[in-house]
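Colleague: Per my numbering: the sequence shown = residues 67 to 428. All residues carry an ideal CB built from backbone N, CA and C; glycine is no exception. The structure's right below; bear with me while I get my questions together.
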Amino acid sequence: MRGLTFQGTREVRVADVPDPGIADPGDAVVRVTMAGICGSDLHIFNAGEAFGFQPGARLGHEFIGTVEEAGPEAGVRPGDRVMASVSTMCGECGFCREGKAYACVRWSMFGWAPRTWRHGGDVQGGQSEFVRVPLAATTLHRMPEALAGEDREASLLPLVDVMSTGWHGLTAAGTQAGWSVAVIGDGAVGLAAVHGARAKGAERIVCLGHHPDRLETATALGATLVIDSRDDEEIREAVREHTGGEGAHVVVDTISGDASMATAHACVRAGGTIACLGMDHFMGKVPGINWFDQFTRNISVTGGLVPGAVYLPELLGLLEAGRIDPAPMLSHRLPLEDAAEGYRLMAERVEGVTKVALQPGR
Ligand SMILES: [Zn+2]
Ligand SMILES: [Zn+2]
Numbered sequence: 067m068r069g070l071t072f073q074g075t076r077e078v079r080v081a082d083v084p085d086p087g088i089a090d091p092g093d094a095v096v097r098v099t100m101a102g103i104c105g106s107d108l109h110i111f112n113a114g115e116a117f118g119f120q121p122g123a124r125l126g127h128e129f130i131g132t133v134e135e136a137g138p139e140a141g142v143r144p145g146d147r148v149m150a151s152v153s154t155m156c157g158e159c160g161f162c163r164e165g166k167a168y169a170c171v172r173w174s175m176f177g178w179a180p181r182t183w184r185h186g187g188d189v190q191g192g193q194s195e196f197v198r199v200p201l202a203a204t205t206l207h208r209m210p211e212a213l214a215g216e217d218r219e220a221s222l223l224p225l226v227d228v229m230s231t232g233w234h235g236l237t238a239a240g241t242q243a244g245w246s247v248a249v250i251g252d253g254a255v256g257l258a259a260v261h262g263a264r265a266k267g268a269e270r271i272v273c274l275g276h277h278p279d280r281l282e283t284a285t286a287l288g289a290t291l292v293i294d295s296r297d298d299e300e301i302r303e304a305v306r307e308h309t310g311g312e313g314a315h316v317v318v319d320t321i322s323g324d325a326s327m328a329t330a331h332a333c334v335r336a337g338g339t340i341a342c343l344g345m346d347h348f349m350g351k352v353p354g355i356n357w358f359d360q361f362t363r364n365i366s367v368t369g370g371l372v373p374g375a376v377y378l379p380e381l382l383g384l385l386e387a388g389r390i391d392p393a394p395m396l397s398h399r400l401p402l403e404d405a406a407e408g409y410r411l412m413a414e415r416v417e418g419v420t421k422v423a424l425q426p427g428r
């Protein structure tokens, strides 16, 4: 079959790779119909060797599709339309039972370096025609019948990671209806946090970014104010003015680097919470918490890696009820064979590109 492979710094290639099969009774093999390229894939693209990626490693942790083959304990059947969690989850360990699937004792991340394959066996990338899914009974979710169908795939794919991640930050920060939320970053996760904040009933939603096209999408998805500025004093003023002089109850920082954390402190209300969802620290840009501000204004810091599929049932319910529709976050759809072009479009932040979806078999 065909699958996207990492070849070295800033080089990926679609190549012939081994067909996956059932290796364990709990496995399923999924025929991928749509797979996302994630901002975190760009970190691999730019510096994969630093994370242990070898040439030939397969990428992609966001995918939906149809069950092709299922082991006797997979809990799904061939033909089922499913969405996968970004990482495997057993559903039984103490962490899974607490909704903390990021710490599942059998956690493995799809499409990450083999060092994350704790479960044993390949947990390959989803940017391919087929992918083996271990622990399928809890790692896969059947799509509701009402949402099945090719025309809804662009609404479903973003739930797998970006909507779940944005929702995780908002939830970890305890976001309440009527609150104000400021989102730093206008990438897909930033847009997801904006959209999620609206679904949680936030009254004032500010999005900070530097791409006019994405800020326009942010407004369409729920932002009540967009700011394109690199001046923290100017940002502080604008956010205060928009939030009754107080600042935002919740700041979602989708970058989580040194500069963005300073901006987060400038936006957050006294007693408020900063939720860090970005990965800049993976690249050595360790965010500095302003401990003086933290102490004197009682600022909490939360966020982190998304807990797998924990939010999928809730998000699917919101999608079914028409309260969210993240489809506008996907700006481009390309055949799998054009995956390298998809990476280039995203890595170069080409105008009009927010997120690229790959469609194997098209
Ligand atoms: Zn992702
Ligand atoms: Zn578990």
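Terminal residues of the continuous beta strand (DSSP E) containing GLY418?
Modeller: Locating residue 418 in the sequence shown gives position 352, counting from the first residue. GLY418 -> no beta strand (DSSP E), and no H or E assigned at all.
Colleague: Could you give the DSSP three-state label for ILE355: helix, strand or coil?
Modeller: Here residue 355 refers to the residue found at position 289 of the sequence shown. Three-state result, ILE355: coil.
Colleague: Looking at ILE103 and VAL95, is the spacing between their C-beta atoms short of 8 Å?
Modeller: Here residue 95 is taken as the residue at index 29 of the sequence shown, counted from 1. Here residue 103 is taken as the residue at index 37 of the sequence shown, counted from 1. No, the pair does not count as a contact, with Cβ atoms beyond the cut-off.
Colleague: Who sits around ligand 2, taking every residue whose Cβ is closer than 5 Å to one of its heavy atoms?
Modeller: Those residues, listed in chain order, are CYS156, CYS159, CYS162 and CYS170.
Colleague: According to DSSP, is MET175 helix, strand or coil?
Modeller: Your numbering for residue 175 matches position 109 in the sequence shown. Strand at MET175.
Colleague: Compute the Euclidean distance between the alpha carbons of ARG363 and GLY313, then round it to the nearest angstrom.
Modeller: Here residue 363 corresponds to residue number 297 of the sequence shown, with the count starting at 1. Here residue 313 corresponds to residue number 247 of the sequence shown, with the count starting at 1. Those two C-alpha atoms are separated by around 12 Å.
Colleague: For PHE161, does the three-state DSSP call read helix, strand or coil?
Modeller: Numbered from its first residue, the sequence shown carries residue 161 at position 95. In the structure shown, PHE161 sits in a helix (DSSP, three-state: H, G or I).
Colleague: Please state the DSSP three-state secondary structure of PRO394.
Modeller: By 1-based counting over the sequence shown, the position of residue 394 is 328. Here PRO394 sits in helix by DSSP.
Colleague: Can you tell me whether ALA341 is helix, strand or coil according to DSSP?
Modeller: As a first step, residue 341 is located in the sequence shown; it is residue number 275 there, counting from the start. Of the three classes helix, strand and coil, the one that applies to ALA341 here is strand, per DSSP.
Colleague: Which whole runs of the alpha helix (DSSP H) in the region 250-278 are 4 residues long or more, in chain order?
Modeller: With a minimum length of 4 residues, the continuous alpha helix (DSSP H) runs that stay inside the region 250-278 are 254-265.
Colleague: Report all residues from its chain with a CB closer than 7 Å to the CB of PHE348; omit the five preceding and five following residues, and keep chain order.
Modeller: As a first step, residue 348 must be located in the sequence shown, where it is residue number 282. Once the five neighbours on either side are set aside, the close Cβ partners of PHE348 are HIS109.
Colleague: With 16 other CB atoms within 10 Å as the buried threshold, where does GLY191 fall?
Modeller: To locate residue 191, count along the sequence shown from 1; it is residue 125. By the 10 Å Cβ count, GLY191 comes out buried.
Colleague: Determine the closest residue to LEU201 out of VAL419, PRO91, VAL148 and TRP233, with distance taken between C-alpha atoms.
Modeller: Counting from one through the sequence shown, the residue named residue 201 turns up at place 135. If we check each option's Cα against that of LEU201, PRO91 comes out closest.
Colleague: Identify, in the order they occur along the chain, each residue of the same chain with its Cβ nearer than 8 Å to the Cβ of ARG143, setting aside the five sequence neighbours on each side.
Modeller: The count along the sequence shown starts at 1 and reaches residue 143 at position 77. Within the same chain, ARG143 has close Cβ partners VAL133 and ALA136.
Colleague: For ligand 1, any of its heavy atoms closer than 7 Å to the Cβ of HIS431?
Modeller: Nothing can be reported for residue 431, as the shown portion of the chain is limited to 67 through 428.
Colleague: Ends of the alpha helix (DSSP H) at PHE111?
Modeller: Indexing the sequence shown from 1 puts residue 111 at position 45. 105-113 is the extent of the alpha helix (DSSP H) around PHE111.
Colleague: Taking the alpha carbon of CYS159 as the reference point, which residue from ARG172, GLY374, LEU384 and LYS351 has its own alpha carbon closest?
Modeller: Sequence index remark: in the sequence shown, residue 159 carries index 93 (1-based). Checked all of ARG172, GLY374, LEU384 and LYS351; the closest Cα to CYS159 is ARG172.
Colleague: May I ask you to report which of helix, strand or coil DSSP gives PRO401?
Modeller: Here residue 401 refers to the residue found at position 335 of the sequence shown. Of the three classes helix, strand and coil, the one that applies to PRO401 here is strand, per DSSP.
Colleague: Can you give me the start and stop residues for the beta strand (DSSP E) that ILE293 sits inside?
Modeller: Your numbering for residue 293 matches position 227 in the sequence shown. Note, ILE293: beta strand (DSSP E), 291-293.
Colleague: Does ligand 1 have even one heavy atom less than 7 Å from the beta-carbon of ASP227?
Modeller: Taking the first residue of the sequence shown as 1, we reach residue 227 at position 161. Yes.
Colleague: So LEU125 and VAL189 are supposed to be a Cβ contact under 8 Å. How far apart are they, rounded?
Modeller: Against the sequence shown, residue 125 aligns to sequence position 59. Against the sequence shown, residue 189 aligns to sequence position 123. Between VAL189 and LEU125 the Cβ distance is about 12 Å, and since that is not below 8 Å, they are no contact.
Colleague: Which two residues bound the contiguous beta strand (DSSP E) that contains LEU477?
Modeller: No statement about residue 477 is possible, as the shown extent of the chain runs from 67 to 428 and does not include it.
Colleague: Quick check on the DSSP output: the beta strand (DSSP E) that includes ILE130 runs from which residue to which?
Modeller: In the sequence shown, counting from the first residue as 1, residue 130 sits at position 64. From DSSP, the beta strand (DSSP E) with ILE130 extends over 129-136.
Colleague: When we look at the beta-carbon of PRO138 and count the other beta-carbons within 10 Å, is it buried (16 or more) or exposed?
Modeller: Position 72 of the sequence shown, counting from 1, holds the residue named residue 138. By the neighbour-count rule (16 or more Cβ atoms within 10 Å), PRO138 is not buried but exposed.
Colleague: Spatial neighbours of THR204 within its chain, please: C-beta separation below 7 Å, excluding the five flanking residues on both sides.
Modeller: Locating residue 204 in the sequence shown gives position 138, where the first residue counts as 1. These residues qualify, in order along the chain: MET155, CYS156 and GLY157.
Colleague: How far does the beta strand (DSSP E) with GLY74 in it extend, from its first residue to its last?
Modeller: Here residue 74 refers to the residue found at position 8 when the sequence shown is read from its first residue. Element bounds for GLY74: 68-74.
Colleague: Once DSSP output is grouped into helix, strand and coil, what is the label at GLU195?
Modeller: Along the sequence shown, one-based indexing puts residue 195 at 129. It is coil, neither helix nor strand.
Colleague: In the DSSP assignment, find the unbroken alpha helix (DSSP H) run with GLY383 in it and report its ends.
Modeller: Translated into positions along the sequence shown, residue 383 becomes position 317. Counting along the chain, the alpha helix (DSSP H) containing GLY383 begins and ends at 378-386.
Colleague: Would the C-beta of CYS104 count as close to ligand 1, meaning under 7 Å from any of its heavy atoms?
Modeller: Taking the sequence shown and counting its residues from 1, the one referred to as residue 104 is at position 38. Indeed, a heavy atom of ligand 1 lies less than 7 Å from the Cβ.
Colleague: Whole angstroms are fine: how far does the CA of ASP93 sit from the CA of ALA140?
Modeller: Here residue 140 refers to the residue found at position 74 of the sequence shown. Here residue 93 refers to the residue found at position 27 of the sequence shown. Each residue's alpha carbon lies about 5 Å from the other.
Colleague: For PHE361, count neighbouring C-beta atoms within 10 Å of its own C-beta (all shown protein chains included) and say buried if the count is 16 or more, exposed if not.
Modeller: Indexing the sequence shown from 1 puts residue 361 at position 295. PHE361 should be labelled exposed.
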